[in-house]
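Trainee:
Structure, rendered in structure tokens:
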């Protein structure tokens, strides 16, 4: 029996890995549990622990660590508090493997804790490159340096990991498991969707906005988001707006959302939409606006044009469905209009191939984990040069 | 006025950086303080905080974090507790730069804390390679991924950092500042040394033993060190033995030392020897045994042959003065005897060039720090590929 | 020079002690600094650190500890994180005395930390009794058991402390220093106040509502507060509503406030009103509603009738200006109407004597602290029986 | 099924409660687990976790918290780190009751954590009085203020708790459960004991020394213990010496023990002796020296004379078998000689009644816990005045 703990601090990464977790949970030879931390446990961020429990997963521990502040210091104190807490879980359960995803606090704190304790770390989404000077990049690369297994979404990412000195036999290109659910999620029509949301999107084009705060720009959050909101309002389209993650600056963004939503009935705010609903919201959307990785990683599978605003995601390999703009109403408006009305552009995106996977990632990942032999060779990492 | 905080958790790294700290402290335009943590604050490890205070440095804060256990979990819990504590110091003092050295807990916890808070991290001794599968490697490379300035001791290390994607303009080859003190430390003769130590080393060859525990081998510590001690006893030489660092497994090593020292009067244990004495102990020694980085980095400047026992330091570039052996009495004894009696070998080492520096590192480092412009460009890191 | 650190985690206790702090800061023989923590550092609670800085006090350290959750576990994790953080401050500054007030997390964590470190703890507002089964009671009494000096507001409180076994010479009845500012704060008329608040209260009776969440009832917060809001709306009066403290359940209260405020223009929400304005708001108010200790401790000095809703404050000695009600709209409405229209009752309250002090507390407290001899006798506590 | 967690940080309190734990573990309606922390997890203090595991108890969690320092700050940092760690265990297991004993860090940290989380706290050995000005007193009384059930060893202690305002129905006089094992532990003769210990105590009088460091006197530890050791050496008797607890100052004591033991073969050091052996060591001893609570609480059941050295235990109610002395060789020697050779005194002690229990405490305690109804009434504490 192989014991695996998945550590998750945010709805987004839980959703990305959901297809893998579901498959692992069905295997008799895998004992999976989930260590829930970060934004999952905060009412402000929708207390998404509830979803994980409803999905039927075993909870390894709940680690309440999110420090209530808008300042940069908050994230790193929260990270620090996770380490002894995770160590307490790991020494009790003695997992064979811990899994983490991405480039947030949980990724690095989990990887450090497990690596020091001699536990195999499986890291998802390493090797990605975003040229935005953000702390996330440092976190992602550093996490790779502690990880023993790398599940990447693209050959270019695997290549980055090899250049970082990671041994080739530790690196697997498996694609993005989030795409699996696009194949699996049943289609809802706009009428059903409108009823479920209690917001009418049966008619016309609508936009979806997902914008996260950037720690290095958190003081400008309030100004920047207004540039986007003004452009959206100017289109006259309905827009479904998803709450941001728990980064420094997100309070300002939420405040702006609430203020605009009160003034403009075309705007509809939601938080932690149920997965099936959210995928269908994207399916019928005319354009995704903001700076979510959704636009890069998942939108191509839906043939969805994306307007990426600001520095986040810049420099990341994309399928050709993304227009990058500054925090500038005019630029944003132009990009949205191109996405909505430039028919040649829309057509080119419609059947684009998603470079990040084919919807069959979960089975590849699960097979690798199932067959993994846990021995000294896996634990003892060396740099290849 | 540029505010700099040096974070240190062990006597060894404090000594390595001492020449830099002393020079920084003399500059009117630099406000230097030292954040003291880890083994410096433990009576078990000689409470070396006292030396730092005696050397006249300003103490930024004292962070008591070392968890009292011999298990692997101890180091990572200790690391976790440092992060909120360091954040508390950094938000109070708002340093322009924090400096850390090497690959221990303090290195990564400092680098993470500062990087998240948008403070420039200057890291010493990055890019080094040890092919021992130890956690220290992961820590060292991960620290580099958070650092904004890299002070390396060798062009080959700078090359590793570039391959890790670090931007070339952040990397400086400055040599090992620990070598500076060899030029500066007055020579004591064997008589004076014997008096100071209260142990007679006026006659014949004597050895120095410095062996640190290895986290991945901590259960074997007790067995491994006995192999070395048996070899040393068999030489009949006097041997000065330095206490190990605060790693898992060090209790077993200390216990073996005390047991052997009680039996064999040729063995002499010491802890945290005063710097001038220690350098002179090395100057007159016939051979350095163990697994300290001293053998690789500093012994060449003294023309000192080294027997490196076990996996630590293996794969690190050395000047040709090091014989590597397993934990095996026969091998170790043979290597010590070659170091003592193979005259051609001894001669070749006598005037060897130390590839790690020329004794003028501190001034290079201080100049770079003095001239450093702290702006967004320094803070915003990008990977070069 | 006597070094004193005041530890504060909430605006309320800072305001209560403000007159003392101001006086201490003016003395040459006292070196006062303030350790700021808890809600002071949260944007959600108005980031009142800013006020402390503006008031010109030296900040000893900023301890970000508030865990972002609405569950009961949040408060105690926050408390735990304060202890090592406070210890870090105390060992750096080596205060002669630390001061804390009341019965919140900061009180007990400060008292424990200082008592273990052999530092004198001066505790304000001990010996008070509230018969509500709340954790605050346990915290208050336990804090007294760690404290070396007790500054109480009423002889009955001093009596409780003596019965708890506290040595009489450690107990001082000094009154509530918050009352000092009533004498000192200049009077603003309703016109000036309306202009400052940007809310018109020039005409008619207005109410003030201050309701804090109760940890043991936090699940009912949303329901309970609506009972009060319905009663207030039914009076037709304007009502100024102050945000609650950072206790579990406060999110529900805030949400209800925002919802009602959107519907009823007679309601006006404010957060961390500037002190002079707030005192004048109370001066002209017709009735204070809620469960704030203001009603018990300070309202008598203003001749202000109070309607105390729910279990908080119940059992506390009061001047006769308080009507206690359940969470019940009918009861609350009746009590407000009695407070507004029962002229005999209003008259009886007008010139009531405040049993909690005469407005000259700060000078008494400062004199005691100034003359305090810090020796082993102060530190070594014994129970009197 | 009632879920109970016992929190323990030291061998001594585990032993005191062992008879209760064993009985609870046998009940089908009780789900008992043990949260192991503090000195139990330190190799320095004999890693007594191993005993708990061998005794067959379920481990709830292991909380590594002991900070490696000899300074006073160490204990309170260790205490602080326990709170979030305990909260993590409690929110996972949702115990009905947590049990703690005595007046050490674990007692107060457990009581605070559970009380804030609305979990019933059962506290053992509250209400005891020691007039030594030590922090332990403050900890013990403060723990009582958070506890919901008090298991006391003596009516006088119950009386103290009532005077502290604790409600009478929460207080139970059950005696000291450590005495139960005296009835249950089989008798070993001196020959068997000598064989087991590998130290010959078949002939003549022997002493037992158990001396713990006192935090407020930790700087004098080294001097004080030498006064005792000199007296013991002067008696010419064999002496079995038990290691001290993990308090500040204990390193100095251990060092002195090792130094004297090397010089005087009549001294025999042991650490964490197996329970049956230790009880038999006490059974045959001529006199117990030191400052352990054993002398007060348990020695009367064995008719054992005690010399209590220094301030610890002073003022505690005792059966008449204890002579109190200062840290003074002459006084200590005289008291030991009286204990050994004053036949009237020895006779008076032989069949003394132990005021702290009759050896049937565990069954009383277990019955109370079994019948306890967990409801709001138990949780909501009020002071009785």
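Residue numbers (full-length UniProt numbering), protein chains in the order written: chain A, 1 to 385; chain B, 1 to 385; chain C, 1 to 385; chain D, 1 to 385. The beta-carbon is built from N, C-alpha and C at its ideal position, and this holds for glycine as well. If you're wondering where the values come from, they're calculated on a predicted model, not measured in any experiment.
Identify the contact partners of residue 74 (chain B) in chain D, using a Cβ-Cβ distance below 8 Å as the criterion.
Mentor: Sequence index remark: in the second chain, residue 74 (chain B) carries index 74 (1-based). The answer, in chain order, is 64.
Trainee: Between residue 38 (chain B) and residue 60 (chain B), how many whole angstroms is the CB-CB distance? I'm expecting something under 8 Å.
Mentor: Looking up residue 38 (chain B) in the second chain gives position 38. Looking up residue 60 (chain B) in the second chain gives position 60. In fact, because the Cβ distance is near 14 Å, the residues do not count as touching under 8 Å.
Trainee: Could you have a look at residue 408 (chain C) and say whether DSSP puts it in helix, strand or coil?
Mentor: What is shown of chain C runs 1 to 385, which leaves residue 408 (chain C) out entirely.
Trainee: Skipping 5 residues on each side, what residues in its chain have a beta carbon closer than 8 Å to that of residue 315 (chain A)?
Mentor: By one-based count along the first chain, residue 315 (chain A) stands at place 315. So the list reads 129, 130, 131, 132, once near-sequence residues are dropped.
Trainee: Entirely within the segment 14 to 78 of chain B and at least 3 residues each: give me those beta strand (DSSP E) ranges in chain order.
Mentor: Counting whole runs of 3 or more residues, the segment 14 to 78 of chain B contains the beta strand (DSSP E) stretches 30 to 37, 59 to 63.
Trainee: Is it buried or exposed, residue 177 (chain B), if we count other Cβ atoms within 10 angstroms and call 16 or more buried?
Mentor: Reading the second chain from its first residue, position 177 is the one you call residue 177 (chain B). Burial call: buried.
Trainee: For the segment 41 to 67 of chain D, enumerate the residues whose C-beta is nearer than 9 Å to any C-beta of chain B, in chain order.
Mentor: Going along the segment 41 to 67 of chain D in chain order, one finds 41, 42, 43, 44, 45, 47, 62, 64, 65, 66, 67 with a Cβ nearer than 9 Å to chain B.
Trainee: So, does the CB of residue 70 (chain D) fall closer than 7 Å to a CB anywhere in chain B?
Mentor: What you label residue 70 (chain D) is simply residue 70 of the fourth chain in a count that begins at 1. For residue 70 (chain D), the answer is yes, since a Cβ of chain B falls inside 7 Å of its Cβ.
Trainee: Suppose you measure from the CA of residue 67 (chain D) to the CA of residue 218 (chain A); what does that come to, to the nearest Å?
Mentor: Locating residue 67 (chain D) in the fourth chain gives position 67, where the first residue counts as 1. Locating residue 218 (chain A) in the first chain gives position 218, where the first residue counts as 1. Roughly 36 Å separates the two Cα atoms.
Trainee: Drop a sphere of 10 angstroms on the beta-carbon of residue 341 (chain B), count the other beta-carbons inside from all chains shown, and report buried for 16 or more, exposed for fewer.
Mentor: The sequence position of residue 341 (chain B) within the second chain is 341, counting from 1. Exposed, by the Cβ-count rule.
Trainee: For residue 382 (chain B) and residue 138 (chain A), I'd like the C-alpha separation in whole angstroms.
Mentor: Numbered from its first residue, the second chain carries residue 382 (chain B) at position 382. Numbered from its first residue, the first chain carries residue 138 (chain A) at position 138. Taking the straight line joining both Cα atoms gives about 9 Å.
Trainee: Residue 142 (chain A) lies in the alpha helix (DSSP H); which residues open and close that run?
Mentor: Locating residue 142 (chain A) in the first chain gives position 142, counting from the first residue. Per DSSP, residue 142 (chain A) belongs to the alpha helix (DSSP H) from 135 to 146.
Trainee: Which residues of chain B have a Cβ atom closer than 8 Å to the Cβ of residue 260 (chain D), listed in chain order?
Mentor: Position 260 of the fourth chain, counting from 1, holds the residue named residue 260 (chain D). Under the 8 Å cutoff, chain B gives no residues; its nearest Cβ is about 16 Å from residue 260 (chain D).
Trainee: Taking residue 115 (chain B) as the query, report the chain A residues whose CB atoms sit under 7 Å from its CB, ordered along the chain.
Mentor: The residue given as residue 115 (chain B) occupies position 115 in the second chain. Ordered by position in chain A, the residues that pass the 7 Å Cβ test against residue 115 (chain B) are 135, 138.
Trainee: Among residues of its own chain, excluding the 5 on either side of residue 209 (chain A), which ones have a beta-carbon nearer than 6 Å to its beta-carbon?
Mentor: Taking the first chain and counting its residues from 1, the one referred to as residue 209 (chain A) is at position 209. Contacts found: 239, 241, 289, 290.
Trainee: Given that a residue counts as buried once 16 or more other Cβ atoms are within 10 Å of its Cβ, and exposed if not, what is residue 117 (chain B)?
Mentor: Stepping through the second chain from its first residue, residue 117 (chain B) is reached at position 117. Buried, since its Cβ has 16 or more Cβ neighbours within 10 Å.
Trainee: Among A:94, A:15, A:57, A:23, which has the Cα closest to the Cα of residue 374 (chain A)?
Mentor: Here residue 374 (chain A) refers to the residue found at position 374 when the first chain is read from its first residue. Considering only alpha carbons, the answer is A:94.
Trainee: At 3 residues or longer, what runs of the beta strand (DSSP E) sit wholly inside the segment 169 to 206 of chain A?
Mentor: Qualifying beta strand (DSSP E) stretches, in chain order: 171 to 173.
Trainee: Span of the beta strand (DSSP E) holding residue 297 (chain C)?
Mentor: Residue 297 (chain C) sits at position 297 when you count from the first residue of the third chain. Here residue 297 (chain C) belongs to no beta strand (DSSP E); instead the alpha helix (DSSP H) covers 294 to 297.
Trainee: Do residue 85 (chain D) and residue 82 (chain A) come within 7 Å of each other at the CB atom, strictly closer than that value?
Mentor: Within the first chain, residue 82 (chain A) is the residue found at index 82, counting from 1. Within the fourth chain, residue 85 (chain D) is the residue found at index 85, counting from 1. No, they are not a contact pair.
Trainee: Just how far apart, CA to CA, sit residue 3 (chain D) and residue 21 (chain D)?
Mentor: Counted from its first residue, the fourth chain places residue 3 (chain D) at position 3. Counted from its first residue, the fourth chain places residue 21 (chain D) at position 21. If you take the alpha carbons of residue 3 (chain D) and residue 21 (chain D), they lie about 13 Å apart.
Trainee: Return the first residue and the last residue of the alpha helix (DSSP H) that residue 284 (chain D) is part of.
Mentor: Counting from one through the fourth chain, the residue named residue 284 (chain D) turns up at place 284. Its alpha helix (DSSP H) spans residues 275 to 284.
Trainee: Here's the rule: buried if 16 or more other CB atoms are within 10 angstroms of the residue's CB, otherwise exposed. What is residue 321 (chain D)?
Mentor: The count along the fourth chain starts at 1 and reaches residue 321 (chain D) at position 321. Classification for residue 321 (chain D): buried.
Trainee: Starting from residue 99 (chain B), trace the beta strand (DSSP E) both ways and give me its first and last residue.
Mentor: Counting from 1 along the second chain, the entry for residue 99 (chain B) is found at position 99. It spans 97 to 101 - the beta strand (DSSP E) in which residue 99 (chain B) sits, taken as one unbroken run.
Trainee: Restricting to Cα atoms, I'd like to know which of C:153, C:168, C:103 is closest to residue 359 (chain C).
Mentor: Indexing the third chain from 1 puts residue 359 (chain C) at position 359. It is C:153 whose Cα lies nearest to the Cα of residue 359 (chain C).
Trainee: Across which residues does DSSP place residue 290 (chain D) in a beta bridge pair?
Mentor: Your numbering for residue 290 (chain D) matches position 290 in the fourth chain. BP columns for residue 290 (chain D) point to D:210, D:308.
Trainee: DSSP on residue 152 (chain C), reduced to helix/strand/coil?
Mentor: For the purposes of this step, residue 152 (chain C) is taken as residue 152 along the third chain, with counting starting at 1. Three-state result, residue 152 (chain C): strand.
Trainee: DSSP puts residue 124 (chain C) in a beta bridge; with which residues?
Mentor: Your numbering for residue 124 (chain C) matches position 124 in the third chain. In DSSP, residue 124 (chain C) forms a bridge with C:101, C:151.
Trainee: Using DSSP's beta-bridge definition, name the partner residues of residue 389 (chain B).
Mentor: No answer is possible for residue 389 (chain B): the residues shown for chain B start at 1 and end at 385.
Trainee: For residue 102 (chain A), is the classification buried or exposed, using 16 other Cβ atoms within 10 angstroms of its Cβ as the cut-off for buried?
Mentor: Numbered from 1 along the first chain, position 102 holds the residue referred to as residue 102 (chain A). So residue 102 (chain A) ends up on the buried side.
Trainee: Between the Cα of residue 310 (chain B) and those of B:328, B:169, B:70, spot the shortest distance and give me the residue it belongs to.
Mentor: Numbered from its first residue, the second chain carries residue 310 (chain B) at position 310. Per the Cα distances, B:328.
Trainee: Helix, strand or coil, according to DSSP, for residue 91 (chain A) in the structure here?
Mentor: Against the first chain, residue 91 (chain A) aligns to sequence position 91. Note: residue 91 (chain A) maps to helix in three-state DSSP.
Trainee: By alpha-carbon positions, which one of C:280, C:233, C:330, C:167 ends up nearest to residue 194 (chain C)?
Mentor: Numbered from its first residue, the third chain carries residue 194 (chain C) at position 194. Among C:280, C:233, C:330, C:167, the Cα nearest to that of residue 194 (chain C) belongs to C:280.
Trainee: Please name the residue or residues paired with residue 242 (chain D) in a DSSP beta bridge.
Mentor: Sequence index remark: in the fourth chain, residue 242 (chain D) carries index 242 (1-based). For residue 242 (chain D), which the question treats as bridged, DSSP gives the partners D:210, D:270.
Trainee: So what's residue 3 (chain A) in DSSP terms, helix, strand or just coil?
Mentor: On the first chain, position 3 is the one that residue 3 (chain A) refers to. Strand.
Trainee: Hey, does residue 92 (chain A) have any beta-carbon neighbour from chain D nearer than 7 Å?
Mentor: To locate residue 92 (chain A), count along the first chain from 1; it is residue 92. It does; some Cβ of chain D falls within 7 Å.
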